[in-house]
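Novice: Before we start, here is the structure in question, set down as structure tokens.
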Ligand SMILES: Nc1ncnc2c1ncn2[C@@H]1O[C@H](COP(=O)(O)OS(=O)(=O)O)[C@@H](OP(=O)(O)O)[C@H]1O
Ligand SMILES: Nc1ncnc2c1ncn2[C@@H]1O[C@H](COP(=O)(O)OP(=O)(O)O)[C@@H](O)[C@H]1O
């Protein structure tokens, strides 16, 4: 069972994946979270933020997720995953059970700015610290048309969002939902 997330930096993907992971584990369901940020740091160091590299990153994460899921582990691809064609491609190739969009208004992302990336994206052109490819600002982020679950993290608490995600994933994890 593979779940793919999508959502901009700071939207709450890692936070919610960790909450759902803890709750599912407590319910006896094996779970693995493949975090884009972590895999880039430890495994895919050569990949950047171009469209091509993001596509490659997601294809690799999907392949890894597939390997985990073959052992009965519910595996969450926890990445920005910004390209609709790639989301559809991996859904076909690896029979992904659900696409979960972790959404948050840009104003709130800018307010949170957990990693300082938004501040850098809004610097004037030519500034040495400016980043030019931040998803949803000056880089690609394509919203999915029909996500299986949409969570607005700017409208509810972490605990509420985490509980909604858990309630969505639990029947999938215990095999009650046939998709
Ligand atoms: N330009 C730009 N745009 C978006 N994100 C950036 C960028 N530069 C660095 N980062 C950091 O990289 C993390 C995103 O990696 P992902 O593997 O999730 O991205 S992607 O799915 O391949 O688009 C992302 O992690 P999260 O903040 O957890 O989403 C950022 O910490
Ligand atoms: N409803 C919510 N769900 C998830 N995170 C939230 C929520 N409300 C506020 N936050 C905060 O937003 C930030 C999300 O950061 P993070 O999970 O690292 O995002 P991402 O993995 O998408 O980059 C955290 O500081 C978290 O405490």
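Numbering (this note's numbering), first residue to last: 1 to 179. Beta carbons are placed, not taken as given, at the ideal position from N, Cα and C, and that holds for glycine. Keep in mind that this is a model prediction, so the values were computed, not measured.
1) By a C-beta neighbour count over all protein chains shown, 10 Å radius and 16 as the cutoff for buried, is residue 61 buried or exposed?
2) Give the straight-line distance between the Cα atoms of residue 175 and residue 112, rounded to the nearest whole angstrom.
3) Comparing alpha-carbon positions, which option in 160, 6, 31 lies nearest residue 72?
4) For residue 148, which residues of its own chain have a beta-carbon under 7 Å away from its beta-carbon, when the five flanking residues on both sides are left out?
5) Using CA atoms only, rank isn't needed, just tell me which of 96, 118, 95 is closest to residue 106.
6) Alpha carbon to alpha carbon, how far is residue 128 from residue 150? Give it in angstroms, no decimals.
7) Can you grab the Cα-Cα spacing for the pair residue 1 / residue 138, in whole Å?
8) Would DSSP call residue 173 helix, strand or coil?
9) Below 8 Å on the Cβ atoms is my contact criterion, and I expect residue 3 with residue 83 to pass it. Report the Cβ-Cβ distance as a whole number of Å.
10) Below 8 Å, can you find three or more Cβ-Cβ pairs linking the stretch 16-33 to the stretch 43-55?
11) Compute the beta-carbon to beta-carbon distance between residue 78 and residue 17, rounded to the nearest angstrom, for a pair I have assumed lies under 8 Å.
Specialist: So, from the data block:
1) buried
2) 36 Å
3) 31
4) 98, 99, 100
5) 118
6) 36 Å
7) 33 Å
8) helix
9) Contact flag wrong, Cβ pair sits at about 17 Å.
10) no
11) 4 Å
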